[in-house]
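Numbering (numbering that gives the first Met the number 0), first residue to last: 0 to 415. Quick reminder that beta carbons are idealized off the backbone N, C-alpha and C, glycines included.
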Amino acid sequence: MAEPDVVVIGAGVVGVSAAIAARARGLSVLLVDREGPAAGASAGNAGAFAFSDILPLASPRILRKAPGWMVDPLGPLTIPLGHALKIAPWMIHFWRACSPARVKRSTVAQAALMDLSKAELDSFLARTGTAPMLRKEGNLEVYEGEAQFNASLAGWRAKQEHGIGFEHLDAAGMAAVQPGLAPRFSHGTFTPGWYSIADPKLYTLALADHFHAAGGAIERAEVTALRPVENGVEITAPGRTIRAAHVVVAAGALSHRIARTIGEAIPLETERGYNTTLPADAFDLRTQVTFGGHGFVVTRLSTGIRVGGAVELGGLDRPPNFRRSAAMLAKAQAFLPGLRPDGGVQWMGFRPSLPDSLPAIGRARATPRVIYAFGHGHLGLTQSAGTARLVADLLVGAPSAIDIGAFSAQRFSQKA
Ligand SMILES: Cc1cc2nc3c(=O)[nH]c(=O)nc-3n(C[C@H](O)[C@H](O)[C@H](O)COP(=O)(O)OP(=O)(O)OC[C@H]3O[C@@H](n4cnc5c(N)ncnc54)[C@H](O)[C@@H]3O)c2cc1C
Numbered sequence: 000m001a002e003p004d005v006v007v008i009g010a011g012v013v014g015v016s017a018a019i020a021a022r023a024r025g026l027s028v029l030l031v032d033r034e035g036p037a038a039g040a041s042a043g044n045a046g047a048f049a050f051s052d053i054l055p056l057a058s059p060r061i062l063r064k065a066p067g068w069m070v071d072p073l074g075p076l077t078i079p080l081g082h083a084l085k086i087a088p089w090m091i092h093f094w095r096a097c098s099p100a101r102v103k104r105s106t107v108a109q110a111a112l113m114d115l116s117k118a119e120l121d122s123f124l125a126r127t128g129t130a131p132m133l134r135k136e137g138n139l140e141v142y143e144g145e146a147q148f149n150a151s152l153a154g155w156r157a158k159q160e161h162g163i164g165f166e167h168l169d170a171a172g173m174a175a176v177q178p179g180l181a182p183r184f185s186h187g188t189f190t191p192g193w194y195s196i197a198d199p200k201l202y203t204l205a206l207a208d209h210f211h212a213a214g215g216a217i218e219r220a221e222v223t224a225l226r227p228v229e230n231g232v233e234i235t236a237p238g239r240t241i242r243a244a245h246v247v248v249a250a251g252a253l254s255h256r257i258a259r260t261i262g263e264a265i266p267l268e269t270e271r272g273y274n275t276t277l278p279a280d281a282f283d284l285r286t287q288v289t290f291g292g293h294g295f296v297v298t299r300l301s302t303g304i305r306v307g308g309a310v311e312l313g314g315l316d317r318p319p320n321f322r323r324s325a326a327m328l329a330k331a332q333a334f335l336p337g338l339r340p341d342g343g344v345q346w347m348g349f350r351p352s353l354p355d356s357l358p359a360i361g362r363a364r365a366t367p368r369v370i371y372a373f374g375h376g377h378l379g380l381t382q383s384a385g386t387a388r389l390v391a392d393l394l395v396g397a398p399s400a401i402d403i404g405a406f407s408a409q410r411f412s413q414k415a
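(1) Where do the ends of the beta strand (DSSP E) carrying residue 287 lie?
(2) Would DSSP call residue 382 helix, strand or coil?
(3) With a threshold of 8 Å on Cβ separation, who are the neighbours of residue 93 within its own chain once the five nearest residues in sequence on each side are excluded?
(4) Starting from residue 203 and walking both ways along the alpha helix (DSSP H), at which residues does that stretch end?
(5) Is residue 55 buried or exposed, if buried means 16 or more other CB atoms sit within 10 Å of its CB?
(6) Going by C-alpha to C-alpha distance, which of 245, 191, 155 sits closest to residue 2?
(7) Rounded to whole angstroms, what's the CA-CA distance from residue 410 to residue 148? Just pull it up for me.
(8) Counting Cβ pairs closer than 8 Å, one from the stretch 216-224 and one from the stretch 318-328, do we hit at least three?
(9) Just grab the DSSP bridge partners of residue 347 for me.
(10) Contact between the stretch 380-389 and the stretch 107-118 is defined here as three or more beta-carbon pairs at a separation below 8 Å; is this criterion met?
(11) What are the boundary residues of the alpha helix (DSSP H) that residue 154 is part of?
(12) In the DSSP output, what is residue 303 paired with across the bridge?
(13) Using 8 Å as the threshold, is the C-beta distance between residue 304 and residue 360 below it?
(14) Name the residue from 146, 256, 196 whose alpha carbon lies nearest to the alpha carbon of residue 130.
(15) Please return the same chain residues whose Cβ sits closer than 7 Å to the Cβ of residue 119, not counting the five positions on each side in sequence.
(16) Mapping DSSP to helix, strand and coil, what is residue 33?
(17) Measuring from the CB of residue 41, is there a heavy atom of ligand 1 at a distance below 7 Å?
(18) Mind reading off the beta-carbon distance from residue 53 to residue 158? Whole number of angstroms is fine, and I expect it under 8 Å.
(19) In or out: residue 70 buried (at least 16 other Cβ within 10 Å) or exposed?
(20) If you measure between the beta carbons of residue 194 and residue 126, is that distance less than 8 Å?
(21) How many Å lie between residue 5 and residue 31 at the Cα?
(22) Let me check you understand the geometry: is the CB of residue 77 closer than 7 Å to at least one non-hydrogen atom of ligand 1?
(23) Indicate whether residue 142 and residue 248 have their beta-carbon atoms separated by less than 8 Å.
(24) Within the same chain, show all residues whose beta-carbon is closer than 8 Å to that of residue 59, passing over the 5 residues directly before and after it, in chain order.
(25) Which word fits residue 425, buried or exposed, when buried means at least 16 other C-beta atoms lie within 10 angstroms of its C-beta?
(26) Tell me whether residue 416 sits in a helix, a strand or coil according to DSSP, three-state version.
(27) Are the beta-carbon atoms of residue 334 and residue 180 separated by less than 8 Å?
(28) What are the residues that DSSP puts in a beta bridge with residue 187?
(29) What does a CB cutoff of less than 7 Å around residue 161 pick up in its chain, not counting 5 residues either side in sequence?
(30) Taking the alpha-carbon positions, what's the residue 374 to residue 251 distance?
(31) Are the CB atoms of residue 306 and residue 270 nearer to each other than 8 Å?
(32) Whole angstroms are fine: how far does the CA of residue 114 sit from the CA of residue 151?
(33) Roughly how many angstroms lie between the CA atoms of residue 21 and residue 268, to the nearest whole one?
(34) Quick one: what's residue 243 bridged to in DSSP?
(35) Near residue 352, which residues of its chain fall below 6 Å by C-beta distance, leaving aside the five closest residues on each side in sequence?
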């Protein structure tokens, strides 16, 4: 491709979806990835379209829970000792984002992006031939005892205000939705509007195939720098330079390194997550089950039963600690006594996370020709179709489907 209208950097679910949306607006698009499609977090996530997850992680609720979680080094939240100082600036932004006013603003923005993403999803799947991969099986969040359930109610009320449907269940109600839960779980909440994809890696690869069939180009290259030039952007990769009218940065947890080359410091960190994927017959799972008090979920995929979650604020370079996958699997066995734990494959992935739990979607400070689409944290798959729509609107200069002010990457350099 001589000089494409758009180069999208990163072929995870966000980049591929954005590339498809740009192509559908008639633009010539080159998608580049240092490893090829579905190499990052998009390959191994839990496969949920978690549209009801509108409450930001950065909140007084997490500040209350975090100290208890961090007591267990293999528990839901860990900061490895060697990384604590490095992550301090991000933590300060996180702490600032926990004020009630900021939480309210983030929730409104997150809910708008969720609504858009849900509204876009069915037609996006239909256009890309991936509709058969969608499962509408809901999510069951389970609680150990009345006190834990009662503590969740304020959050559910906030979700209700944003029109999210759910049903609180007792033990018998839970057993009707998902048989085989350990009796320690006395209460649950079922969210029917929570969807899943058959397998997140196969989905991203299918999207990449669709993009290619629709005339998009995919190449392997590691982008090391961007440079604004007249009427475009120059993209540097080892041994080559590409020019494009626009660039979309969708490189997941590495996106800030690319933004830095055009002079923008963005506090992107990674919340590393872990899982184990068991054979498909490991458990008769009817819905996704969320063990919120323990920070993990169990999901049925076409490729197996996936047990995973947890947050390790451990940076991009340290090796995985798969004892975390094993710890979650051991808990899953205790919580779902019929679960067969053998034959699993462990995985670790880098969630690309900004401190206030919102993504960066919008133009770079240095040039309007560079558009950011990263930092979706726990929700990149969920928000992929909505993000793609917003990126395509920006590329062609169309009015934005929703107000994207809250997603500006420059928000961290302004006073709250
Ligand atoms: C355990 C776990 C469970 C999760 N569960 C869910 C879930 O159920 N639902 C949900 O919505 N989200 C979930 N997530 C989060 C979700 O996986 C991410 O938000 C999402 O995958 C991010 O997509 P992305 O395209 O931005 O990044 P990635 O998928 O990481 O893709 C980034 C791509 O950029 C490429 N790249 C990086 N640097 C360069 C460069 N310099 N040049 C060229 N290419 C480059 C990489 O090779 C990679 O392919 C989960 C995450 C984890 C870890």
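Let's see:
(1) 287-290
(2) coil
(3) 57, 354, 355
(4) 199-212
(5) buried
(6) 245
(7) 35 Å
(8) no
(9) 273
(10) yes
(11) 145-160
(12) 300
(13) no
(14) 196
(15) 384, 385, 388
(16) coil
(17) yes
(18) 6 Å
(19) exposed
(20) no
(21) 11 Å
(22) no
(23) no
(24) 97, 99, 102
(25) Absent from the structure is residue 425, since the part of the chain shown begins at 0 and ends at 415.
(26) As shown, the chain starts at 0 and ends at 415. That puts residue 416 outside it, with no answer to give.
(27) yes
(28) 141, 168
(29) 53, 110
(30) 7 Å
(31) no
(32) 22 Å
(33) 27 Å
(34) 232
(35) 268, 270, 376
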